[in-house]
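J.: Please find one structure pasted underneath; my questions will follow.
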Amino acid sequence: MTAPLRAPGGFPVVGIIGGGQLARMCAGPAAELGLTLSVLAEAADSSAALVIPSAPVGAHSDVEAVLAFARECDVVTFDHEHVPADVLAALADAGVPMHPTPEALVFAQDKLAMRERLTALGIPCPRWTEVHTTAEVTVFGDDVGWPVVAKTPRGGYDGKGVRVVGAADELTDWLERASAEGSSLLLEEMVGFTREIAVLLARSPSGQAAAWPVVETVQTDGICTEVIAPAPGIDPDLAARATEAGLRVAGELGVTGVLAVEMFELPDGGFVVNELAMRPHNSGHWSMDGAVTGQFEQHLRAVLDLPLGSPRPRHAWTVMGNILGGEHPELYPAYRHVMARDPEVKAHLYGKGVRRGRKIGHVNVSGDSVADLRRRARHAADYIEGAVTE
Ligand SMILES: Nc1ncnc2c1ncn2[C@@H]1O[C@H](COP(=O)(O)OP(=O)(O)OP(=O)(O)O)[C@@H](O)[C@H]1O
Ligand SMILES: [Mg+2]
């Protein structure tokens, strides 16, 4: 494996396992800070590999490949939560500094572990249980009310691994698969939330933490499509309690780097936690244009134990619109129209091939009117993905 070229001046090399868009979007801030990135990429044309010169190809599940990669880095962090426990253990045994640490990361990798730990901490969660059999599903559903939400504890993303279940026999296939794998399923009550919100913060190994304002996230078919920062009309007391809960989770779990805490806002003014992500997160994409310090820069600062930057918003409102793959493989021609129509819109494309529903980019736009920003962000995102032509 070729070593990354080190910059003079004592600047460290940050290694990222996984070459998706989150690794890719660290490249801008890293270049500005004079840091070197190296990414262990799935393929030579992975999103991050297209813009980061040191991008050896290797699987995140291949212990030898990951160890060889990590040896050339001063600190290792992650683009996703799918690195298996045995690989993390091998890295720890080899003395590789990792942020987040494997001890913290497990609570973002395994939704059952997360539910157990948050419940023990007294953090509000939906009612939940672990199930192995349809009989257990029936007992839980009859108790909390149907439908219930079933989740595979590991490996889910963008709503894959989440199923709304109206009767126990709708889960037979998943239960059989789980049993064959020696695992189980997480069941949750179906929360009648008023909206979804997220707390995003960064915490450094020294224990410094900085939280961005609480945002509203909009999911369509299980995929995040829009984020509004800050969450419009949010009760300041709820925002404070949610942020406090996020900071407490970060401290208790020893999270280092960016932590996203996805939450459901409840009709009674309270909240419950949906799940955790320990890396830059879709709910924080607005911050790269809308805050003094964006989440990708902050993640780098945090994993290097540098003082954190200010998370203060630069504008009253920032709206992020996700660009999902549509029918049109050609994206670049849309730039001419989108950029001419609205010079305040910032487009961020990930260098990914178009597949229906795949996250391929996002737009940010900031200003004073939420309704106007939402319209403009949606139009730009729809135009780039080819859903509108006018
Ligand atoms: N208990 C629940 N009650 C109601 N809706 C839920 C519940 N759990 C999940 N959802 C809905 O499904 C979406 C996806 O769930 P979750 O975040 O657990 O899955 P994921 O695939 O890990 O998501 P991500 O895209 O964030 O990785 C949530 O954003 C929410 O809209
Ligand atoms: Mg989620």
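According to the numbering used here, the sequence shown is numbered sequentially starting from 19. Beta carbons are placed, not taken as given, at the ideal position from N, Cα and C, and that holds for glycine. As the structure is a prediction and not an experimental result, all values here were calculated from the model.
1. Can you tell which of R330, A399, H117 has the C-alpha that lies nearest to the C-alpha of D92?
2. Assuming R394 and V383 are in contact, meaning their beta carbons sit under 8 Å apart, how far apart are those beta carbons, in whole angstroms?
3. Does the separation of the CB atoms of M132 and L294 fall below 8 Å?
4. Can V363 and V381 be called in contact, C-beta distance under 8 Å?
5. Our contact map puts A309 next to W230 with C-beta atoms below 8 Å; I'd like the distance itself, whole angstroms only.
6. Between C143 and ligand 1, is the CB less than 7 Å from at least one heavy atom?
7. Let's see if you can read the secondary structure: which residues bound the alpha helix (DSSP H) around I402?
8. Alpha carbon to alpha carbon, what distance is there between L139 and V155?
9. Would you call the CB atoms of A48 and V57 closer than 8 Å?
10. So what does DSSP say about A309, is it helix, strand or coil?
11. In angstroms, rounded to a whole number, what distance separates the CA positions of L326 and A320?
12. Hey, F388 and P250: beta-carbon distance below 8 Å or not?
13. With respect to the alpha helix (DSSP H) encompassing A153, which residues constitute its N-terminal and C-terminal limits?
14. Classify M281 as helix, strand or coil using the three-state DSSP reduction.
15. Say yes only if the C-beta of N292 is nearer than 7 Å to one or more non-hydrogen atoms of ligand 2, and no if none qualify.
16. Figure out for me which residue from S301, V81, L218 has the closest Cα to the Cα of P102.
17. Are the CB atoms of G275 and H317 nearer to each other than 8 Å?
18. Could you tell me if the beta carbon of M416 falls within a distance shorter than 7 Å of some heavy atom in ligand 1?
19. Put F125 into one of helix, strand or coil per three-state DSSP.
20. Do Y368 and ligand 1 come close, with the Cβ less than 7 Å from some heavy atom?
21. How long is the line joining the alpha carbons of F87 and V105, rounded to whole angstroms?
22. Could you give the residue range of the beta strand (DSSP E) that holds F289?
23. Cα-Cα, which of G28, G37, E50, R145 is closest to V290?
24. Using 10 angstroms around the beta-carbon of E50, count the other beta-carbons present and answer buried if the total reaches 16, otherwise exposed.
25. Could you have a look at L203 and say whether DSSP puts it in helix, strand or coil?
26. Please name the residue in C242, Q226, L271 whose C-alpha comes closest to that of S301.
27. In whole angstroms, what is the alpha-carbon distance linking P71 and V372?
28. What number of angstroms, rounded off, separates the C-alpha of E403 from the C-alpha of M281?
29. Using the DSSP secondary-structure output, state which residues sit across from V273 in a beta bridge.
30. Compare the Cα-Cα distances from L391 to each of P30, V245, T137, D111 and report the closest residue.
T.: Straight from the coordinates:
1. Ranked by Cα distance from D92, the first of R330, A399, H117 is H117.
2. Right, the Cβ-Cβ distance comes to about 5 Å (below 8 Å), so this counts as a contact.
3. Yes, these two residues count as a Cβ contact at 8 Å.
4. Cβ atoms of V363 and V381: closer than 8 Å.
5. The pair is a contact, with the Cβ atoms about 6 Å apart (cut-off 8 Å).
6. Within 7 Å of the C-beta of C143 there is not a single heavy atom belonging to ligand 1.
7. Segment 388-403, the alpha helix (DSSP H) holding I402.
8. C-alpha separation (whole angstroms): 25 Å.
9. Contact flag unset, no.
10. Judged by DSSP in its simplified three-state form, A309 adopts strand.
11. Taking the straight line joining both Cα atoms gives about 7 Å.
12. According to the sequence displayed, residue 388 carries Val and not Phe. Using a Cβ distance threshold of 8 Å, V388 and P250 count as a contacting pair.
13. Run containing A153: 152-162, per the alpha helix (DSSP H) assignment.
14. In the three-state reduction of the DSSP assignment, M281 falls in the strand class.
15. Indeed, a heavy atom of ligand 2 lies less than 7 Å from the Cβ.
16. The residue with the shortest Cα to Cα distance from P102 is V81.
17. Pairing G275 with H317 gives a Cβ-Cβ distance under 8 Å.
18. No answer is possible for residue 416: the residues shown for the chain start at 19 and end at 408.
19. If DSSP states are grouped into helix, strand and coil, F125 belongs with the helices.
20. Outside the cutoff, so no.
21. Rounded to whole angstroms, F87 to V105 spans 12 Å at the Cα level.
22. According to the DSSP assignment, F289 belongs to the beta strand (DSSP E) that extends over 289-295.
23. The option with the nearest alpha carbon to V290 is R145.
24. E50 counts as exposed, since fewer than 16 other C-beta atoms from the protein chains shown sit within 10 angstroms of its C-beta.
25. When DSSP states are grouped into helix, strand and coil, L203 belongs to the strand group.
26. Cα-wise, what sits closest to S301 is C242.
27. Looking at the two C-alpha atoms, the distance is approximately 23 Å.
28. Separation of E403 and M281 (C-alpha to C-alpha, rounded to the nearest whole angstrom) is 28 Å.
29. According to the DSSP secondary-structure assignment, V273 is paired through a beta bridge with no residue.
30. Of the candidates P30, V245, T137, D111, the one whose C-alpha sits nearest the C-alpha of L391 is V245.
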